[in-house]
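Have a look at the structure below, then the notes.
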Amino acid sequence: MRRYATVILSTLILTIGLVLSAPAALAQPVCGSHQSISDSLKKSYTEAPVSMGLTASGGIIEVFASQEGTWTIVITQPNGTSCLIAVGLDWENLPKPKVLTGARI
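Start counting the sequence shown at 177; every next residue gets the next number (our numbering).
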């Protein structure tokens with residue numbers, strides 16, 4: 177029973193530590209010039225742009241992905257500053273949707 181309590185307490189302490197440290201990590205985004213971010217993603221993860229779009233505020237959102245499935249989402253502000261906003265694994269490109277002409281909904 178004592179061992180069980182120790183495991184529960186250790187898990188609780190670890191969980192609290194992770195929760196409390198998360199806001200500090202989120203407060204410091206990785207930003208730089210678009211060229212330096214792009215070069216770093218290519219060199220470190222073999223990621224290249226696979227899609228992009230324009231935000232309502234004039235920023236550019238880009239998805240970088242690799243053949244291995246790693247991916248990164250970057251936003252470039254109108255002032256030229258680029259920041260990483262999300263990273264992950266298991267990226268999958270979907271086929272382009274077929275355009276239906278004359279279809280009624």
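C-beta: ideal position from N, C-alpha, C; glycine also.
These figures come from a predicted structure and were not determined experimentally.
Nearest neighbour of residue i, chosen from the options [CA to CA]
i	options	result
residue 255	210, 238, 222	210
residue 272	215, 227, 258	227
residue 269	253, 239, 251, 207	239
residue 242	261, 214, 277, 221	221
Contact set for residue i: own chain, Cβ-Cβ below 8 Å, skip 5 residues either direction
i	result
residue 263	246, 247, 248, 249
Other residues of its chain near residue i: CB distance less than 7 Å, five sequence neighbours each side excluded
i	result
residue 224	218, 240
residue 235	251, 252, 253, 254
residue 237	228, 229, 231, 249, 251
Chain-order list of residues whose beta-carbon lies under 6 Å from that of residue i (same chain, five-residue window excluded)
i	result
residue 259	205, 207, 251
residue 266	245
Euclidean distance between Cα positions of residue i and residue j
i	j	result
residue 212	residue 275	37 Å
residue 261	residue 216	15 Å
residue 277	residue 233	32 Å
DSSP bridge partner residues for residue i (one or two, in chain order)
i	result
residue 232	None, per the DSSP bridge assignment.
residue 208	258
residue 239	227, 249
residue 263	248
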